[in-house]
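Structure record follows, encoded as structure tokens.
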Amino acid sequence: MNRLNSTFLLHGGDYNPEQWQKYPAILDQDFKMMQEAHANTVTVGMFSWSAIEPEEGVYHFEWLDDVFDRMEKIGGKVILATPSGARPAWLAQKYPEVLRTNEKGEKLLFGERHNHCFTAPIYREKVREFNTLLAKRYGQRKGLLMWHISNEYGGECHCDLCQAAFRNWLKNKYGTLEALNDAWWTTFWSHCYTDWSQIHLPSPLGDTSLQGLNLDWRRFVSDQTINFYENEIKPLRLITPDVPITTNFMSDTFDMVPFHGLDYYKFAKHLDVVSWDCYPAWNNDFETPAQTGMKVAMIDDYFRSLKQQDFLIMESTPSQVNWHPVNHAKRPGVHQLASLQHIAHGSDSNLYFQWRQSRGASEMFHGAVITQNGSNQTRVFKDVKQVGMDLTKLSEIKDVPYQCAEVAIVFDQSNMWALNDSQNYSMATKKYWQTLQQHYQYFWQHDIPVDIISPETDLAKYRLVIDPMHFLMAEKFMDKLAKFASNGGTVVGTYISGVVDERDLAYIGGWPTQLQQLYGLTVKETDTLYPQQANEIKAGDHGYRATDYCEILEVDTAEVLASYTQDFYAGTAAATNHPVGQGSAYFIACRTDTDFLADFYQKIVADIGLNKQQSIIKDSSSVSIQIREDKTNEYLFVLNFDSKQHEILVNDPMIELLSNQEQEGKSNIEPFGVKVYRRLK
Amino acid sequence: MNRLNSTFLLHGGDYNPEQWQKYPAILDQDFKMMQEAHANTVTVGMFSWSAIEPEEGVYHFEWLDDVFDRMEKIGGKVILATPSGARPAWLAQKYPEVLRTNEKGEKLLFGERHNHCFTAPIYREKVREFNTLLAKRYGQRKGLLMWHISNEYGGECHCDLCQAAFRNWLKNKYGTLEALNDAWWTTFWSHCYTDWSQIHLPSPLGDTSLQGLNLDWRRFVSDQTINFYENEIKPLRLITPDVPITTNFMSDTFDMVPFHGLDYYKFAKHLDVVSWDCYPAWNNDFETPAQTGMKVAMIDDYFRSLKQQDFLIMESTPSQVNWHPVNHAKRPGVHQLASLQHIAHGSDSNLYFQWRQSRGASEMFHGAVITQNGSNQTRVFKDVKQVGMDLTKLSEIKDVPYQCAEVAIVFDQSNMWALNDSQNYSMATKKYWQTLQQHYQYFWQHDIPVDIISPETDLAKYRLVIDPMHFLMAEKFMDKLAKFASNGGTVVGTYISGVVDERDLAYIGGWPTQLQQLYGLTVKETDTLYPQQANEIKAGDHGYRATDYCEILEVDTAEVLASYTQDFYAGTAAATNHPVGQGSAYFIACRTDTDFLADFYQKIVADIGLNKQQSIIKDSSSVSIQIREDKTNEYLFVLNFDSKQHEILVNDPMIELLSNQEQEGKSNIEPFGVKVYRRLK
Amino acid sequence: MNRLNSTFLLHGGDYNPEQWQKYPAILDQDFKMMQEAHANTVTVGMFSWSAIEPEEGVYHFEWLDDVFDRMEKIGGKVILATPSGARPAWLAQKYPEVLRTNEKGEKLLFGERHNHCFTAPIYREKVREFNTLLAKRYGQRKGLLMWHISNEYGGECHCDLCQAAFRNWLKNKYGTLEALNDAWWTTFWSHCYTDWSQIHLPSPLGDTSLQGLNLDWRRFVSDQTINFYENEIKPLRLITPDVPITTNFMSDTFDMVPFHGLDYYKFAKHLDVVSWDCYPAWNNDFETPAQTGMKVAMIDDYFRSLKQQDFLIMESTPSQVNWHPVNHAKRPGVHQLASLQHIAHGSDSNLYFQWRQSRGASEMFHGAVITQNGSNQTRVFKDVKQVGMDLTKLSEIKDVPYQCAEVAIVFDQSNMWALNDSQNYSMATKKYWQTLQQHYQYFWQHDIPVDIISPETDLAKYRLVIDPMHFLMAEKFMDKLAKFASNGGTVVGTYISGVVDERDLAYIGGWPTQLQQLYGLTVKETDTLYPQQANEIKAGDHGYRATDYCEILEVDTAEVLASYTQDFYAGTAAATNHPVGQGSAYFIACRTDTDFLADFYQKIVADIGLNKQQSIIKDSSSVSIQIREDKTNEYLFVLNFDSKQHEILVNDPMIELLSNQEQEGKSNIEPFGVKVYRRLK
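Protein chains in written order, with UniProt numbering: chain U, 1 to 681; chain A, 1 to 681; chain L, 1 to 681.
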């Protein structure tokens, strides 16, 4: 596993000098302003194929050489991207199999980006050739920091080559058609396959609702993308074995849900460093900035957890993007706050898309450090410069790990796919990731660190494992949970769990025995509520609202913590606790409001002693305190996500690094303000 | 017309043992639990083609033989389905013409179900062959109760074979292109056809708004489906001339509108018994259970009226389905109530989809009697068992007809198609069936039986015929109505009636004379209101709200019952009555609220003496009393659609059959409760 | 430029006698009722290709000759349409290249209308042949008033012929691929074209977000449509050089936005007379009739401004259409009001679609003068007859020009395309035309005439030029504005202006210097607000609401008129004024409410003396007074768009032409009433 060879936190971002070759003054200005903004890193080459190879076999590396020269001159670094995310028109014209075929079997035309076939041998060959040239030419450059493979991998192709690859993948997985027919339960609707050639990937013109097929297709697409990536990095590993490699991962916008198309836990094993592109909608009109902050915090924790190591923000916008429904300007302070939040959660970079705003084409209005205006007097440039100075002051934090989390929330990619595809419950209210956020919120508000783990993750280091809506749950994970609890761990499970196995086949004969034994109960029924319907649950005197899903339990040896008060299951258990060996297992049977979860977790946290004594006291849950620490120092990031000023109390004398002042006692933190304290341990 | 050879009300349902051949213990359990639940009938074979003929010409009937053996052993019956609803992969691969072509001319792939071409000769041949084998092997089995042809026929194919068949159908109908051009008014937009080959069925790539073409295409699709069905039953009629035949009809979900794609009145003539699949959304959040109950009552009445004889519920869910937007659990009592409601309206069965829940694939989460849990302790199994016991107690009711209705509501399939397709009024507010429901409601709330008839139906037995929104009305039906009224009948007509003839050509020269004479008025204008607009009509002192459609009348000899109070037609007639021979004809010129219809029908019912003296008095319109009767007995079903308890008063001493107790006087009926009384006439 | 050879205001409309050739009595009735309704003009031939040429080379002109005979007999006129809007089935079958290919490359089928390829040589040839025959046969007929080319040109074709034509168009425009690559900024995402054949028009299967391509495609489609039109008129100009030519333009329905697909300013240069089809939704439930009236007024002004001359209403409905979401009946008075409003704004006609309602097919329910009823006693026929009498009384107004406007609002077609396509701001709130309406409203309410001009229009005659949201603004237009202001003109500009040049490339290096100098400020940032967000601006003591867009200004030499009161730019300028030479330039930085614009323009109007002394005083802004005038007379149309009666004060004695009475002093104007005064100057 290669580590980044830099002594600083990365600051800078995507840069497209190929667009400005006819504007030499602008190129000069770009590098001058990098220095002014304390930028030290550019990512280049991402969509530069046609600029480097304008016709087949004719190469123009000069402009790229120039970027290396200039960056090295100012002591900066280059992240070099492979160009596969967009191919030249000549290549698409000459080798049409590089273009995707859509789910209706229509061949796509040249255009846009991120739309190449992941299987086509000729594209793989062309990419390998190109990457070889890059590695040979730039592999030894001092300025080369890392490889950035392609861009935001995603999507799928439905061409005959991909069909054939899918069938091979299935043969490898199932061996026989009988095994496949059993796994996909193809006796249903006379779907038995008697020849591999009869299998066709999901299509609106054919099958869309055969879950086994859908799930394996999702897995194949993810595997084939990784396989394409492996083809890309082969020459790089050969020629530059010590240069670290990444590719940039994604989330959606409003709920910050990880990109649904790829199994990032699996993919991350093939990377040296995880990096991701973060575009939240700050200061929108449908949630508080603190809610946005909580969502970003959680997905930062997710990307950090993929490899349990520091990660990079590869893209973010210094101002607004151009593709949100409403492209709202960042409020003063928000850029600094949002940038340092990532650092606080374990990022070693804050990189932007993009350094210089394009003059035309698709994303010409996407925010950039240097706008079309070109000025260093814009608000965005000043904001970026501020962050550049901050990161310089914080450079000692590089490589300091995020604090060790004892709480884990389980996110299972196959479960995400299977649950979203399940024909049951209510399509509109499944909200798997959003449910994880609901559980995460308490910990974020109370500054208790959390990892977002996969079912594969070793649980040994955790004391509390939260496992909501685990619809598709493999038996071996049930065993793992049981063992974890027996050994003293605390487990929290919820409604809609343990319904199907890893093939998406229902468990038959009742709720799985392992879960019955773990939670001391069995699930009898799931009641899916209409949007206007609700139940109430009561724990002691306190009532809470339950919506969307209410499961009816038959409690065996569990203790009842809360019960329903309404409808035909009034009086039955809605939340339980069950002692298991040296640990215990909680079960929440319905979708509650967050008040319930706050009270619920407060008690667990107190019971198992997760709330450490805090060296900084805050007066609001909108203020978040995140810690990176090594053997000698603790770095406390105090982040105010409120548009109001708040007060903190610093218990020990500490250095506030951004102001370089020692502080103790009461102190104000500005609206959207940040402070970073170093505390000697 | 063959009748069912059974002595009991049917209880049981769709069963897919082919899915469980590797699980012998489950097969044993299935039949054991049938006996426990008083189930006596299974429907098998529906999607079993690939299980029976896994490769061309190789047959495996053993498992199906076994079902017959087992059912006969427990004294039960088998409804044997033909498998055409889904073909094996090998068949689609070898004979691709069996697959549909969609409206854009795209050939569909193998997958899903219900998607075969209704024209392809090879598919017709294969189906005929298969059905012949079934008839030969099982035709003489004691356990064979009836044939179930395919499944939920619907949809359409746009392949060249279907195009050719459509053109032939048109040639048969019109004889000459001139006649077709005249009927479709093709001088409009230069559409005149000069060769039959120029005619192309409606397509988003071609014509979508030529109403004559659209209407004939709808009629052709319906006829071609019946033609396909006739091909299916040919070998069955030949080999098993005494075995009754059905196919399962459908409705939509939320408004219980009959499936729009087929002319069920026409189709029903080809069946021995009408059966249908009923999946209402009980206990939703947008209407009261009584409203849902009213909608189900009306469509039960519709299916009963198709052949004016008892019908079957072929499918229903014992709990929830998997394909509603919200798959809500049935509340206690609702399963019994919903099941017995069908019996009350003339069903001789309550059958389920499905007996045993699948383990995987598309509908794996559709409710079933035996859930994936496998237990006989589930709420659903207990509910089903309860209904099984009820049906056993009610078995004397089998073959007892539903009471004779003297009220008829006209539903015209061609009108449904033409009105929905008409470019006029407001697409969002046409709501033909929903308007019929509005009229039906009064009668349901007052326990007055209603038939839902077609324009073909003989009117002799009726005293009141309600004919709302009859946009496409043939002249011969106008004559029929006039004759009915002259002979003493009462007619109710409404806005948007008599606009086009059966070709979808406007009547010219004014509102049809027959209607003018019938109603004693003419329609001058139709005012279509925006959603936020309303008028008021006043009858005496009482005001009612009018929305969506207000017609302006010129009253000739009719008596005005209510008038508009607003807008430029304030003071003009909104509802009228007109004496015709020995009868009379009412006209309602606008879409009123249901209060108006309640007052309106109350008076008519009183005037013509439709309100008989009732032997059971109820205290709420949410309680419905439905009667089946023969020469000696009257069976009164008292159905409480309210979540509150209600009181009934039994005037004569009667046996309540479910409790087997004699009752008289006041009695409570539980929330969602049912009582069934036998009263000696 | 040919002028109409008629002595009357045109009244009548589209007529389809080819549909009624089998109904001779109806044809007789049609012409009789024309005389009764004072109709003098019919438009025929529009979709008559198959009626005239039922098979290739076989012609039936008899019925069309008959129309000329009959019209000439009653002293009326014929507008003769070329039939290219819909081709016969035989032609589509024999020459399939006449049919369009859609944006996904799918060949369309015969059907509907308005869907021919604008490039296919065979269609151009066939159309030219046909038009030649028309010109030869009818060119000398006394009854021939003008040529009506095709119908409602619009849409686009994506076939290979159109692709080739587009590439040629691009070659002509750019000369070299390098110039094209530069203009489209194709270095972005590796889109550089190295061969012209690589360019593919925008397609959902290829590129949809390359703005330069999109914008040029829009321009090409517009040019190619005009080119097709030029092909159509070639034989007409040759054979009938003195007969004026038009084609009917369009707007959308609810906001009365000009049809987006064509550059009407450019197209109008090829016409002798502008005509358009007007279908507003009067008396809807989402706005007042006055708001509808204002929108119609503005687009009438737009179509009049295209050639700065009188125009024609070619189509309108005498009652309702059949294709609105709600086809609401016209309220009493509204037909007269709506008809005379057009005359007031410079129309010399009120023509209808259609004279006689069809009996069948797509638009059979579209309103018509003679309904399917056939009666002359319908409300619509009486309304039309009333307008017929009115137009007869007003015939002296024909050729009297609309009063001279000193206010101009700029509408730039390329800006419309580019702004709508720009990936920035918020898609939902761009609303370019609607923003123009917001500015127009004050002038309409105060009876100050306005032209809607293009950037090409000579500004010399104006004193106030309003130029909102001019996102794509050419530098030469900036110069033009500057010159206009220097010479004493007043300019009003707004947020989102001067962002890109005519290639859709961003201006770099800051807001264009010309605009900085004009407005005395620079734009620093555009803040796009979420729908639930707002700011407030204050001018003196008065506060106004700002939504959607707030720009942050750096004011140089401008005077601040209003400032923001909220958010981080509170206190900065929101509206400014800047003296320029002998004129001045106002800038409004945010989207304000209309109260602000009312106060803002009131002051400007007073300052520059645009409010003339009025000879008729009204008591409500819902009453509009529009003037046509020549050297001797002023014709004042007083139009009451309110459902309430209003009072006017006539200052001088004048003849009210509809009643032919002299009036002076106070007078009532009925709800939806109209008066037309002649005032001697």
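C-beta: ideal position from N, C-alpha, C; glycine also.
Cut-off 6 angstroms between Cβ atoms - residues of its own chain near residue i, not counting five sequence neighbours on either side
| i | result |
| --- | --- |
| Gly206 of chain A | His200 |
| Ser48 of chain U | Glu18 and Pro83 |
With 16 other Cβ atoms within 10 Å as the buried cut-off, status of residue i
| i | result |
| --- | --- |
| Glu232 of chain A | buried |
| Val58 of chain A | exposed |
| Cys404 of chain L | exposed |
| Ala268 of chain L | buried |
| Asn168 of chain L | exposed |
Residue i versus residue j - alpha carbon distance
| i | j | result |
| --- | --- | --- |
| residue 708 of chain U | Val638 of chain U | Because chain U spans 1 through 681 in this model, residue 708 of chain U falls outside it and cannot be assessed. |
| Glu406 of chain A | Val465 of chain A | 8 angstroms |
| Ala575 of chain U | Tyr544 of chain U | 12 angstroms |
| Cys117 of chain U | Trp185 of chain L | 25 angstroms |
| Ala338 of chain A | Val384 of chain A | 11 angstroms |
Residues near residue i by beta carbon distance below 7 angstroms, same chain, minus five either side
| i | result |
| --- | --- |
| Lys430 of chain L | Leu419 and Asn420 |
| Met71 of chain A | Val42, Lys77, Val78 and Gly143 |
| Asn327 of chain L | Gln320 and Val321 |
Same chain, Cβ closer than 8 angstroms to residue i, neighbours up to 5 away in sequence not counted
| i | result |
| --- | --- |
| Ser395 of chain A | Thr7, Phe8 and Leu9 |
Within the chosen definition, does the region 313 to 320 of chain L reach the region 361 to 368 of chain L through at least 3 CB pairs nearer than 8 angstroms?
yes
Would you be able to state if there are at least three C-beta pairs under 8 angstroms between the region 349 to 364 of chain U and the region 12 to 22 of chain U?
Result yes; three or more Cβ-Cβ pairs closer than 8 angstroms.
Contact residues within the region 296 to 329 of chain U, judged by C-beta distance below 7 angstroms to chain L
Asn322, Trp323, Pro325, Val326, Asn327, His328 and Ala329
Residues within the region 64 to 90 of chain L neighbouring chain A, beta-carbon criterion of under 9 angstroms
Pro83, Gly85, Ala86, Arg87, Pro88, Ala89 and Trp90
Specify whether the region 232 to 249 of chain L and the region 260 to 274 of chain L touch according to this definition: at least 3 beta carbon pairs, one from each stretch, less than 8 angstroms apart.
As far as the Cβ criterion goes, the region 232 to 249 of chain L touches the region 260 to 274 of chain L, which means the pair count is three or higher.
In the region 93 to 109 of chain A, which residues sit with their C-beta less than 8 angstroms from some C-beta in chain U, listed in chain order?
Gln93, Asn102, Glu106, Lys107, Leu108 and Leu109
Tell me whether the region 449 to 464 of chain A and the region 300 to 311 of chain A touch, counting them as touching only if at least three CB pairs, one residue from each stretch, are closer than 8 angstroms.
yes
Evaluate contact between the region 276 to 292 of chain L and the region 330 to 346 of chain L, counting only Cβ atoms and requiring at least three cross-stretch pairs below 8 angstroms.
yes
Give a yes or no on contact between the region 530 to 541 of chain L and the region 553 to 570 of chain L, applying the rule of three or more CB pairs nearer than 8 angstroms.
yes
Listed in chain order, which residues of the region 411 to 429 of chain L have Cβ atoms closer than 9 angstroms to some Cβ of chain U?
Ser422, Gln423, Asn424, Tyr425, Ser426, Met427, Ala428 and Thr429
Using a Cβ distance threshold of 8 angstroms, determine whether the region 239 to 257 of chain A contacts the region 132 to 152 of chain A, with at least three qualifying pairs required.
yes
Within 8 angstroms, do at least three Cβ pairs link the region 435 to 442 of chain L to the region 583 to 597 of chain L?
yes
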